[in-house]
Structure formats: structure tokens, C-alpha cells
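Protein chains in written order, with my numbering: chain A, 510 to 860; chain B, -10 to 256; chain C, 463 to 746. To keep things clear, I will list the structure first and then write my remarks on it.
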């Protein structure tokens, strides 16, 4: 019932380009995360969607209707702000009822809706409290209830959980996701936390340098990053310098490795980057021959208990492997080992 | 002298010198005899009684209170919309208006006073009560303008935007968000203007010195043309009123912030 | 929050009343005053429209030069005294706990709001022979007999400093209260004594604020009008006194307006200077 389409959206502040030529479709009823490092333009983009900034170029279409010039107060989008922006002079109930009050709804309608929303965010009976009397988590819930007060067409959240401590943040992520699925409301969340984006969203939009770098489901983005920025920003990756040697192999420090088919954009014989996740890099005893296996020497070992991180130097490059203790030979610093980079786990990206 | 002792000593000395005139005023107002001698000879409240039985003094009190309260309102009526406008929009020429609002307080008041004198004489309202009220209203615009601007600056941008996404337009936003949040700053701006207007001499004197006698004018006249301890009584009452007003401001508002300090959260 | 231009002419409505009030009752009075300063004075208390520099020409007399010189001198001296005392005082004030700071601020504001008349009266009392401080000093054995210190130059300086001190403190309060408390602490950790810290870290860090305050206090005391009359002798009368005297008692509005214009230009130039200093300080 509410699909948002961004066509060529751009925003300049003087000489600075905050958002450049973004084309994006936010499907109806889905939860989409705008993910990127600070200063990548994600906050500007959600503010453009909310109507708090006017784009310099492009159009916003909501279910086909052009809303580019519609002011924020007429869009009926619910928004949760980074600072939460609860009205300090109003009670919890008055905060939640604010949108209804502006529209002249009578008191009993306001009260019914406030109770309904407080039940929904599991804060029943707190309508009379003052904002200052609430804990961080409670404020978070009030902000969410307030944003949903008018049954908005779009639910926008700008770094909503950044003020909470790690444990509460995890709990709220689950709660927010359940609530969104229950209401089936089209939702956009801005975050710089890749874990948050990966665990909550249907679709992740990775942004950097004012541009959209990749759009996809969390798994797609994790498994098939389009470029080294995405590979590095989502989880962690070994990014190894290689030379392309044919359509399905690369040369890593003099050793030929088999890879999945390499994109036609990358020139044969030219430089490229081999991306592989640390958990896909296997450490084997020395001398174990086979496909995509190279010899190396352990330079550093970090034990996390549940997993062990091993740094291995192979000629001029260094790779990191993460594995459960039982899946890895017991090696220490300076030991000779063999490293396996399974062909299916390798992604070759343009340098 | 060590630093630990120097601070209380220095601050205490400054405090003492600052307080001395107030002590003298209190002494004069309580002195039994008209002629003040040291050491004082006998205490009495007779001058306090005299203030409230002398029509001339009472009239001056009435004038001063009326001028202070009305001119405070006049100052607010200019300062509030101006501060709001400057806060809400980015309009180049509006900064000029802010400069005009702050100028009377930065220039030596004698200049502004003479400007008012020339103006009221030209328009034929010299010596009128209304002229004093308007003159004080303009002269003290600076105070509510500065406090209200401070209050508006302290409103988080996202709070305003939140109201906007919930459908609030300009008027509703002002009524439901802005006004309630800056109300303490409006009160303090008014209080500053009120207290300073009560004590203002030169403008009141130049605009209507011979027709509308305010308390500072009456005190000065009584100093020149026949001394009476009643003036000390008035001064004491004024100081107490000022302390009460500023004390209330401090009790219900953030005085250090109003005077330009940052609250710890700002750091 | 987006701060653009008002949407349409209706958006300017809130600015109309303030603009009107300030123009009619502030700009126009100054324009009239400026005009009058060029008018021709008619003996007997009136003036007629004209355009002559006769009123300004009177500036070039030794009488006027003496008054101007004296005005600038007393204001300058009072400003220097106030800043020398007020700066360490304000620094100490901002290091106090919040409660005590607030008490001090209430006290200082109350003193600041004291009318010049009251200040002049109480200091003339304090410095008088019959009921003044000298009697206390006699009792304490510091003096042989009570003395009269008022009127006189010292009394005038005392009054001006008393008038301007709370103002000085309140101007210095914002920059000093924003001074990073870790800055002096860092100096202490590097081995500087409190006094050395104050002079090597606090004072240099606030150089701009000190100069700005000097100028503001200077302009403030330039405006003192009653104190020279109450605590000084006729030779201690300042430009402000002359302006009022010419306007009200000598009924020479054109000359008085010319002097006011002059005083305004001096003040504006000085205030402009403080802004320039302030702007410079804000640049990184």
C-alpha cells in the first residue's frame, strides 16, 4: 500500500555533495536499512524522504504520486529522530497524542489512541509520566509510539537505537522488527551499525561517499559484495591484491588460484582484489597439497574462546582466518602452515 | 599568601566593597534622625512610614512601577516576534533589526536619551507618560531580545522537525512547542527589563523629567533640593525588589545560562 | 531544522511590528538628532532648521578638548581598574560551585541594577567626613581624624568603578565560564603554580575577551552622567554631563546633539572594534 520510489535524488549544500543521483525503490511493507559510515549521506537521504530537506535534483514517488515538493507536515510519515526529540514540556501521553491534537481530534479519541499505542510498545499506564522520569529504553518506546500515532504511510527512523547500551539495543532491534512485521508498515532505518542492518532488514542499501554502493538482501550483500568498500564495511574481509589470469583464475603472489567466473568489467592480466571472509579461510597442517592451497607462516594468534583468529603470512600478503578451535590445527606463532582459500568463497573485485 | 586563602580573601573583599553602599543605605533608612552621623544615634522605621504617607513619594513609586511594567510589555512585544523571526528564518536584513534591538544597550544611554528627547519634542509628545513608556520599551528591548534568543537557540532542531513530521504548521508549532519552551526566557527577559526600568534615570529625565517624576528622578531632586532619608528607604526597597526578582529567576530558571554560561551538558 | 526564507509575503508579518517600532522609535529619533546637530541655534532656547557646522566647530575649543580629554581619561582608567580586578574575580567566580555562583550572580545583578543616583548618594555618604568610612578608620586607629574625600577625583573614580564592576564581571562571565576546566588543570599537572597557571594559561587564552571587555566597559562608563555631578567637582564633568546640561539647562539642543553624534561615532567605532576582535577570535 505504500511503495516509495527515489528517482535521481541528489542534494548539494554549497560546494558539498551530500547525496548524488540516488535511484532506489523501497518495496511496500518491507524494512529497508540505509547503511554506511558517518558522512556518507544516509541521514540527508532520510531527511529528504521525510520532507525535512528539499532535494536539489530528482523526484520522490509514493505509490506513483509525486511528493517531492510536499512539505513534511503534509506527508504523514512517522519519524523517530536520532535524539528522539521528545517534547520536554509534554507528558508521555501528550507527546504521543501530539499529531492527533494538531489535527483537532477530540480528547477521548486522543486518549483511546494513546492507550492503544502504549500497549503496543509495552508501556501501559505511563501516559501521565513526564519525559524526564523515563529511562532510555522507555523514551525509545515513546518515540516509536509517537511516530506511529497517526498510522503513517511510511515509518522512518534515523539512528534510532544509537543512544542505547549494547544489550538494550539488541533487545530493541528484535522488538522493532517484530512490531514492523506485525504492522506491515514500509520502514526505512538509517544506521551505521552493520550488525543492526544485517539482522533487521529485508533489504540493505549500502552508502558511501554520497552514493549508493549496493542494494540487496543482507545475505546477497554479505556473500556477493559488489566492490571492496562493501566487502570491507559489511563484516570483515581479507582483501588481497591479485592479478587476473584468465576468466576463472587469479595470481596471488605467484600462486594461481581458481575463482568463480570473473566479471567482464575486470581486464584479464590486470590488477584486482580478491575478497574472502576470514571464516572461509581454512588453516591446514603444513604440506597439505590441493586446489587453492598455499604455504604460509603464522604471525599472530588471537583466542576469543568461541573462535580463534590466526594471521598467516604467505609470501608478500597476509590473510586472516577465523575458525572454531576444533576446526583448526593447534598452531602457534612462527609455525609453518598451509592455507586454503576455497574457490566458491572467493570474490574477485575491481581494484 | 597561599592560593587557598587568597580566593576567599579577594572575593570577600570585593563582596564587602560591593555591599558597603547597600549597608549605608540601610543605615540611613533606619536612622532615627534626619542628619546622619557616625556612629548612628538610634534606630527607627519612621522614614519607612513617611514614604507611605507622602503623596509625592507615593506618586513617584506609582509612576515608576507603571512605567516599568508597561515598558517591559512593550519591549516583549518587539523582542518576541523579532527573536522568533530571526531564529526561524534566514533573512539577511533581519540581522540589521537585531543590531538595532541591541544597539540601545551598547551605546552610552545619554545618546539614546537625547535621540528620544529630539523625537518627542518634534512630534509634540515631550513630557508625556506614554513617551516614557515607549522610550523605555525601546531602550530595554535588548534584554528580552537576548534572553528569548537564548531560549530559542536551546530548542533542539529535531524537536521542531518532529512536530513538523507530525503535521504541525507554523502557527501550531509556535503555540504548542516554541512558546511553552521559551516561556521561562520570556519571563526572565521581562524581569530584567522591569528591574532596570525601575532604576533608569537619564532617559526618563530627558523625556519627561519635569512632568512625570519617577523614583530615580525624585531621589535626585531630593538630593539637590532638600535631602530626606526617605530616598534611602526607596533605594533599600528597590534593592530588595531587585534581589527578590533575580532570586526568583535563579530559583525557577537557569541564571548562569541566562548570563551566558554553558550548562555542564553543553560541554 | 531548515532555515530558509519565509514562504510568501505572509511569512514576513511577524517582523512588521518589531521593524516598525524600532524604525519609528529608534532610527527616526537618531535621524532627528543628527539633523538637529546641523541646525542653527536661536538664542533663548530654540533652534531653527538649517545646515551649518557651527555646532561641530565648537569641538575645536580648548574648553571642549579639555572635557573630551578628561572624559576619555576617566572612562579609560575606570575600565582598566575594573578589568584588572574583575578578571581574576570572574575567574574565581566561575570555579565556584553552582549554588554559590548563583548567589553571587543575584547579588551582582542587584548591584548592577542600582540607579546611578543611589550609587552616587551612598558613596558620597561613605566618603563624607561626618558619616563616612574615615570615621571607621579613626575608630580602628588608622587615622587621626575623619576626612572628607568627596567630592573629588578619587570619589568619582570609586563611584565609576563601583558602577562598572558588576557589568565587567557579567561581560567576562560567559567566556570564562566556558574556559575548559582541564586547561588550567593540565598546566597544574605540568608543574605550574596556581598563580603561574593564571598568568600563563588563563590570561593569554582570554586575551581577546579582555580587550573586548575593556572597550565595552569604557563605553559603559562614558555614559555615566550622574556620578560626575554627585561625586566630582565641576572640573570633573564629563561629556555625558555636558550633553545633558546643554540640552536641558542651557536649552542648546543643536550643540548637545552634535556632541551626542560625536560620542556615538566614538562608541560605534569602539564597539565595531570589539566585534572585529570577536570575529577574529572565532576564526580557527
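Even for Gly, the Cβ is constructed at its ideal location relative to N, Cα and C.
Under the Cβ distance rule, residue 588/A counts among the residues neighbouring chain B, one pair being separated by less than 8 angstroms. For residue 690/C, the uninterrupted alpha helix (DSSP H) run begins and ends at 689 to 693, by DSSP. Between residue 118/B and residue 50/B, the CB-CB gap reaches or exceeds 8 angstroms. Taking C-beta atoms as the reference points, residue 747/A and residue 790/A count as a pair closer than 8 angstroms. For residue 662/C, the closest C-alpha among the options 704/C, 632/C and 650/C is that of 650/C.
Distances from the alpha-carbon of residue 550/A to those of 774/A, 699/A and 771/A put 699/A closest.
Membership of residue 90/B in the alpha helix (DSSP H) is indicated by the continuous run 83 to 95. According to the DSSP assignment, residue 149/B belongs to the alpha helix (DSSP H) that extends over 146 to 154. Proximity to residue 114/B across 491/C, 485/C and 475/C peaks at 491/C, based on C-alpha coordinates. In the structure shown, residue 729/A falls within a helical segment according to DSSP collapsed to helix, strand and coil. The C-beta of residue 207/B has 16 or more other C-beta atoms within 10 Å across all chains shown, which makes the residue buried. In summary, no residue of the stretch 770 to 797 of chain A has a CB separated from any CB of chain B by less than 8 angstroms. Residue 637/C is positioned such that its CB atom lies no closer than 8 angstroms to that of residue 607/C. For the options 774/A, 784/A and 837/A, the alpha carbon positioned closest to that of residue 810/A is the one of 837/A. In chain order, 541, 542 and 545 place their CB closer than 8 angstroms to the CB of residue 676/C, counting only its own chain and leaving out the 5 sequence neighbours on each side. By alpha-carbon distance to residue 34/B, the top candidate from 110/B, 158/B and 22/B is 22/B. One alpha carbon belongs to residue 139/B, the other to residue 247/B, and they sit about 7 angstroms apart. Per DSSP, the unbroken alpha helix (DSSP H) holding residue 169/B starts and ends at 168 to 188.
In the DSSP assignment, the residues bridged to residue 780/A are 752/A. Under the 8 angstroms criterion on CB atoms, residue 78/B is classed as interfacial with respect to chain C.
At a beta-carbon threshold of 8 angstroms, none of the residues of chain C lie near residue 19/B; the nearest stands roughly 13 angstroms away. Among the residues of chain B, none has a CB under 9 angstroms from the CB of residue 645/A; the nearest is roughly 15 angstroms distant.
Leaving aside the five residues that flank residue 132/B on each side, the residues in its chain whose CB is nearer than 6 angstroms to its CB run, in chain order, 178, 181 and 182. Contact with chain B is found for residue 467/C, since one of that chain's Cβ atoms lies less than 8 angstroms from the residue's Cβ. Put simply, the backbone Cα of residue 595/C is about 49 angstroms away from that of residue 486/C. Only those residues of the stretch 554 to 576 of chain C whose C-beta falls short of 9 angstroms from the nearest C-beta of chain B are listed: 554, 555, 556, 557, 558, 560, 563, 564, 565, 566, 567, 568, 569, 570, 571, 572, 573, 574, 575 and 576. Using a CB distance cut-off of 8 angstroms, residue 167/B does not count as an interface residue toward chain A.
For residue 773/A, the number of other beta carbons within 10 angstroms of its own is below 16, and it is reported as exposed. Beta-bridge partners of residue 513/A (DSSP): 535/A and 571/A.
For residue 777/A, the closest of 703/A, 512/A, 752/A and 744/A by C-alpha to C-alpha distance is 752/A.
Setting aside the 5 residues that flank it on each side, residue 628/A has no residue in the same chain whose C-beta is closer than 7 angstroms to its C-beta. With 16 or more neighbouring CB atoms inside 10 Å of its own CB, residue 717/A falls in the buried class. DSSP places residue 717/A within a strand segment (E or B) once states are collapsed to three. Assignment of residue 826/A by DSSP, reduced to helix, strand and coil, places it in the strand class.
For the C-beta of residue 592/A, the chain B residues within less than 7 angstroms are, from N- to C-terminus, 145 and 147.
Here residue 77/B is buried. Its C-beta has 16 or more other C-beta atoms within 10 Å.
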